[in-house]
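Position 528 (the sequence shown) corresponds to 533 in the numbering used here; numbering is contiguous. A short write-up of the structure that comes next.
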Amino acid sequence: EQGMKLYQFSSMMAGIYDQYVIFRPELILGWEDGKSKAAYPENWQAILWRKVIERSDPHHRARLKQLFAQEIIHADISMLPERVSIFGISYLPAFHLEVLKGLSACIDVGIYCLNPCREYWADIIPERRMARITEKDMHWESCNDLLAGMGRLGRNFLDMVLELDPEQVDLFEETEGITMLSQVQADILNLRPPGEEGVREVTDGDRSIQVHSCHSPMRETEVLLDTLLDLFEKDPDLEPRDILVMAPDIEAYAPFIRAVFDMDRDDARRIPYSISDRSFRRSSRLAVALMAVLDLAGRRYEASLVMDLLDKEPVRTRFDLDEEAVSEIHAWVTGAGIRWGRDGNDKVELGLPGFAENTWQFGLRGLRLGYALAEGEGLFAGIAAFEGMDPGFAELLGRFTDFVEKLFAAVDELRQERGPAQWSEVLLRIIDDLFTVDEDGVQEMLHLKAVVRDLEKTGQDAGFRGRLSCDVVRQHLAKAFGHAAEGSGFLERGVTFCSMLPMRSIPMRVVWLLGMDGNAFPRQAKALDFDLIAKNPRAGDRSSRNDDRYLFLEALISAREQLIVSYTGQSPRDNSSIPPSVLVSELLDYIHRAFTVPVRGRSEAGPDSKGADDAAAGSDEATAAPFAEAADGPERLIVKHRLQPFSPAYF
6 EQGMKLYQFS SMMAGIYDQY VIFRPELILG WEDGKSKAAY PENWQAILWR KVIERSDPHH
66 RARLKQLFAQ EIIHADISML PERVSIFGIS YLPAFHLEVL KGLSACIDVG IYCLNPCREY
126 WADIIPERRM ARITEKDMHW ESCNDLLAGM GRLGRNFLDM VLELDPEQVD LFEETEGITM
186 LSQVQADILN LRPPGEEGVR EVTDGDRSIQ VHSCHSPMRE TEVLLDTLLD LFEKDPDLEP
246 RDILVMAPDI EAYAPFIRAV FDMDRDDARR IPYSISDRSF RRSSRLAVAL MAVLDLAGRR
306 YEASLVMDLL DKEPVRTRFD LDEEAVSEIH AWVTGAGIRW GRDGNDKVEL GLPGFAENTW
366 QFGLRGLRLG YALAEGEGLF AGIAAFEGMD PGFAELLGRF TDFVEKLFAA VDELRQERGP
426 AQWSEVLLRI IDDLFTVDED GVQEMLHLKA VVRDLEKTGQ DAGFRGRLSC DVVRQHLAKA
486 FGHAAEGSGF LERGVTFCSM LPMRSIPMRV VWLLGMDGNA FPRQAKALDF DLIAKNPRAG
546 DRSSRNDDRY LFLEALISAR EQLIVSYTGQ SPRDNSSIPP SVLVSELLDY IHRAFTVPVR
606 GRSEAGPDSK GADDAAAGSD EATAAPFAEA ADGPERLIVK HRLQPFSPAY F
């Protein structure tokens with residue numbers, strides 16, 4: 006337990022110090038030079054930092070930046086590239102901008118920034134905040150609410166870039182088109198408030214901005230498939246590669262995407278797709294299997310967990326078992342009465358009577374006796390033989406016994422504490438004993454072993470000479486496996502599914518935002534009580550909330566023809582309404598003030614459809630019409646879908 010607490014604290018402090026080095030380099034350098042400033046008085050963090058630096062390389066990024074500023078003046082220009090170009094970046098800290106500024110004294114440096122607005126917009130704020138503005142702050146202007154409310158990150162970044170006094174080249178293009186989406190984008194580009202040119206009427210059939218309210222992530226994905234099929238049918242020129250689907254966490258939607266979009270090649274509804282930004286832990290069968298083995302170290306050898314591991318493909322392949330053989334083994338385990346515990350000693354360690362019944366030792370003895378004895382011979386040495394064992398399954402029984410013995414031997418090793426180097430050796434041996442992959446999985450296996458070997462290197466770099474428990478190793482590997490898998494290419498093929506991350510919002514004909522739930526986006530990050538950056542914030546500091554707001558704005562201006570949003574907006578239990586993300590509400594409110602949205606007839610939902618207000622709890626009677634007839638105000642844009650895809654209203 007103490008080892009786990011130490012690991013968690015060390016990991017947390019490493020993250021905080023990493024932020025200090027980038028966002029408060031003067032703080033780190035002041036600690037090292039013994040010149041703490043009044044804003045950051047001497048405290049335990051300074052003492053701990055100096056202890057860390059004494060035992061490691063002092064050339065961290067803050068120190069390297071200081072040395073860079075001193076040496077770049079005398080740099081040999083012939084050793085530098087002709088130019089440096091930065092593009093596709095939504096934000097850079099002042100730390101990196103200062104490095105680029107220093108580099109620009111020697112070579113050309115170009116920064117290509119996405120600026121949502123061609124006008125000066127550094128002093129705009131949302132209209133809802135104007136009521137709280139005092140007289141001394143009257144220089145703030147209320148203009149385009151979407152830009153003011155969602156563009157804070159971009160505004161701060163552009164301000165920092167302009168403070169470097171660069172040579173500016175504007176490359177704005179006027180937004181063309183009369184659709185609702187193009188007019189919203191034009192308002193942002195030209196810094197127009199909603200309704201400045203009068204309330205505009207949306208043309209009949211305008212589906213450039215859609216909002217879909219569903220009962221679950223599964224229904225969201227089903228609605229996504231149906232809507233895409235409809236788009237392909239109406240526009241023969243639209244291709245799957247023209248569509249980008251983003252979610253706050255694509256991992257949560259990956260199972261539903263595969264369940265809905267995986268179809269036979271000859272299925273006319275099949276749409277090619279790729280999922281990007283999946284972690285190695287979730288996308289790798291080997292990583293999942295290894296984590297399952299590590300989880301057994303703290304468990305009681307439950308039959309369900311052991312058999313779940315045997316079901317995994319790398320393990321089945323290693324012991325030459327197909328699905329039919331594993332199914333037969335499941336029947337053996339159930340028939341032999343195996344429940345939990347390796348033997349009676351396991352129960353004694355838990356303070357229970359040391360009965361061997363229902364343990365693995367007891368069950369395997371019964372299975373072997375079932376093969377060795379003729380049916381009906383009864384007990385042997387007080388042990389009942391498993392009845393119905395086919396003599397032809399002798400080889401299968403041997404492979405199953407081999408699996409159990411190797412697994413239990415591996416778990417025995419996992420329950421011992423050892424150093425990082427020894428842990429790497431043990432884990433590599435366990436991987437070779439329990440897992441095998443085919444040719445397609447070779448790269449996956451190499452990556453898995455590279456992460457395991459890195460455990461030894463990490464210990465050496467940290468100068469750690471202590472011993473680690475399996476719990477600490479498991480948590481470390483879980484974090485290491487949490488990074489994106491190698492080869493998970495963006496825009497690989499077909500429709501691209503990805504997480505909402507910086508540099509993901511690029512111009513696409515159709516942009517779909519999945520999972521825009523009220524509690525999911527913008528994402529919240531709670532600062533630690535002793536985080537000095539949070540206690541003394543500055544312009545340019547990172548904020549996950551501001552990051553997500555700007556990601557939504559980038560998605561809005563990147564959609565060329567259609568922006569479609571979906572969220573879980575209805576309870577599957579009682580059909581009660583669940584609010585969407587506040588960003589979706591802000592977009593709907595903006596549209597309500599800027600446009601007149603026509604009311605659609607009931608015929609679009611079928612002859613049996615009813616208004617959303619007529620929906621009964623659990624009766625799946627919410628309207629399927631693109632514009633809910635019973636709704637008014639911003640909600641008029643929301644499509645409230647039925648609980649089930651086979652509702653009569655869809656036909």
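Even glycine gets a Cβ: it sits at the ideal position worked out from N, Cα and C. All figures in this text were calculated on a predicted structure; none of them were measured in a lab.
Would you mind giving the Cβ-Cβ distance between residue i and residue j, rounded to the nearest angstrom? I have them listed as a contact below 8 Å.
i, j, result
"G349", "G359", "4 Å"
"E256", "S284", "7 Å"
"N600", "V204", "Per the sequence presented here, residue 600 reads as Phe, with Asn not at that position. Going by Cβ atoms, the distance from F600 to V204 rounds to 7 Å, so yes, they are a contact pair."
"V500", "V250", "6 Å"
"I262", "T226", "6 Å"
"M155", "L588", "7 Å"
"W49", "I33", "Contact doesn't hold; Cβ gap of about 15 Å is too wide."
"E422", "L473", "6 Å"
"Q567", "L186", "7 Å"
"R338", "A308", "With the sequence shown as reference, residue 338 is identified as Val, and Arg is not the correct amino acid for it. At roughly 6 Å, the Cβ-Cβ gap stays under 8 Å, so V338 and A308 are in contact."
Mind checking who residue i pairs with in its DSSP beta bridge?
i, result
"A654", "DSSP output for A654 lists no bridge partner at all."
"V515", "I248, Q567"
"D113", "R88"
"V644", "H217"
"T573", "C219"
"L11", "For L11, which the question treats as bridged, DSSP gives no partner whatsoever."
"F600", "R205"
"D522", "P585"
"L473", "R423"
If you follow the alpha helix (DSSP H) that residue i is in, where does it begin and where does it stop?
i, result
"A153", "150-155"
"S279", "Taken as a continuous stretch (DSSP letters only), S279 belongs to no alpha helix (DSSP H), being part of the beta strand (DSSP E) at 278-280."
"K462", "447-467"
"S332", "328-340"
"F100", "99-108"
"I77", "Taken as a continuous stretch (DSSP letters only), I77 belongs to no alpha helix (DSSP H), as it is neither H nor E."
"I183", "Note, I183: premise wrong, no alpha helix (DSSP H); not H, not E."
"P260", "255-266"
Report buried or exposed for residue i, applying the criterion of at least 16 other Cβ atoms within 10 angstroms of its Cβ.
i, result
"Q190", "buried"
"T208", "exposed"
"I183", "exposed"
"V201", "According to the sequence shown, residue 201 is Glu rather than Val. When all chains shown are included, E201 counts as exposed."
"Q13", "exposed"
"G210", "exposed"
"T364", "buried"
"R647", "buried"
"V26", "buried"
"Q649", "exposed"
"E591", "buried"
"P198", "buried"
"E354", "exposed"
"K239", "exposed"
"K317", "buried"
"N149", "buried"
"I388", "exposed"
"A630", "Any reading at A630 must be qualified, since the residue scores a pLDDT of 40, below 50, and its modelled position is unreliable; the value itself is stated next. Answer is buried; the Cβ neighbour count reaches 16."
"F656", "exposed"
"A654", "buried"
Quick one: give me the first and last residue of the beta strand (DSSP E) that residue i is part of.
i, result
"R88", "88-92"
"S429", "Not the beta strand (DSSP E): S429 falls in the alpha helix (DSSP H), residues 425-439."
"H217", "214-219"
"K531", "Looking at the DSSP string, K531 is not in any beta strand (DSSP E), and its letter there is neither H nor E."
"V409", "No beta strand (DSSP E) contains V409, which is instead part of the alpha helix (DSSP H) from 399-419."
"S504", "500-504"
Do residue i and residue j have their C-beta atoms within less than 8 Å of each other?
i, j, result
"T573", "C219", "yes"
"L439", "K454", "no"
"L158", "P121", "no"
"R305", "G346", "yes"
"R286", "F486", "yes"
"C111", "L72", "no"
"P425", "F398", "no"
"M513", "I248", "yes"
"P241", "P277", "no"
"L291", "P319", "yes"
"V298", "L314", "yes"
"F162", "D546", "no"
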